[in-house]
Each structure stands twice: as C-alpha cells, then as structure tokens.
Amino acid sequence: MVRCEAEVQIAKPVADVFAVVDDESKFPLWMGLCADCSRGSSGAKATGMPLHFSQRQGDTVGELDGELTAYEPGKLIAMKFEDASSEVIIELSLDAKGEATSVKLGSGMQPKSFFGKLTAGFGKGGMQKQAEKDLGKLKKLLEQG
24 MVRCEAEVQI AKPVADVFAV VDDESKFPLW MGLCADCSRG SSGAKATGMP LHFSQRQGDT
84 VGELDGELTA YEPGKLIAMK FEDASSEVII ELSLDAKGEA TSVKLGSGMQ PKSFFGKLTA
144 GFGKGGMQKQ AEKDLGKLKK LLEQG
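By the numbering used here, the letter at position 36 of the sequence shown is numbered 59, and the numbering carries on one by one without gaps.
Okay, here's the thing in structure tokens:
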C-alpha cells in the first residue's frame, strides 16, 4: 500500500475542528478529490457504519463503497473505501495543542491490478501534495471561514 501523511496546526479548539472533519457533507469543501460522501445508514456514527464516497479525478467521478473503520469522537476518524480497481484508506487524528489543534491526515491506496501494483509508487508524491493541500484548505476553512 502506498501511504502518505501530512500534519497542520489549526488555531481552533479540538471541538470546532472535529465538528467539521466529522461532517462528511463538508468533505468536498476541503478534500480536493471528494465530490460527495454520505452515510449508508442512519443513527449514531460508529465503527462499522457503511459509507459511500464519490471521488473526483479530472473529468471522471468514481464511486467507492466503504465503512468507518475507527471512530473516537474528538480524536480519530478512519475510513476504508473500495472499488474494482483499488482500496483507499483515510485517517484523521486530532490532538489539542493549547488553544489550537494538530490535525494529521494519513491516506493510503492499494491498487488491485498487477499493473496498478507495479506503478503505485509513482503516485506517492502526488498523494503527499494532495494531503498537504487538503489540510491547507481545512485550515483556511476553519480559521478564515
């Protein structure tokens, strides 16, 4: 699996930051590749909850089904999505730093095809840049509104 991680400090308390990252309807506001994300069931959010993610890549929108793999309110959100060609993981962890919040975004992608597995490493730089850009957008959204 090709993985990357980025981190940002946001000048807002954990509760304010978590309220935004915990709301999947707001993912498209700060996740560059997200066209839409929705819950597959109603009720309280919990590990195992089904999710649906629409991923935008250029002019193409791909549909991935998945689930919430870890959920600790105020601390951690982890998701796994899959389609016919790949498996994608997204992990967000939050940590209070005085009046600010440290947000770590980890992501990973595991291609399923032989060719995809051979070439996966070439995409790591792009994944890293995207993670950094996404956290920059999250910071701007929270600090500047």
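C-beta atoms are modelled at their ideal positions from N, C-alpha and C, and glycine is treated no differently.
Quantities reported herein were computed from a predicted structural model and do not represent experimental measurements.
Between the C-alpha atoms of Asp88 and Ser108 there is a straight-line separation of about 12 Å.
Sequence-distant partners of Glu105 (beyond 5 residues in either direction) whose C-beta falls short of 7 Å from its own C-beta, in its chain, are Leu87, Asp88 and Gly89. In the three-state scheme derived from DSSP, where H, G and I count as helix and E and B as strand, Asp88 is classed as strand. Secondary structure note for Asp59: its beta strand (DSSP E) is the uninterrupted segment Cys57 to Arg62. When only Cα atoms are considered, Glu155 and Ile112 end up about 16 Å apart. Of the candidates Gly71, Leu56 and Glu114, Leu56 places its Cα closest to the Cα of Gln153.
When secondary structure is reduced to three states using DSSP, Pro73 falls in the strand class.
Each residue's CA atom was taken as its position, placing Gln167 and Pro96 some 24 Å apart. Closest by C-alpha distance to Ser130, out of Gly149, Tyr94, Ala119 and Asp39, is Gly149. In this structure, the alpha-carbon of Pro51 lies about 10 Å from that of Leu161.
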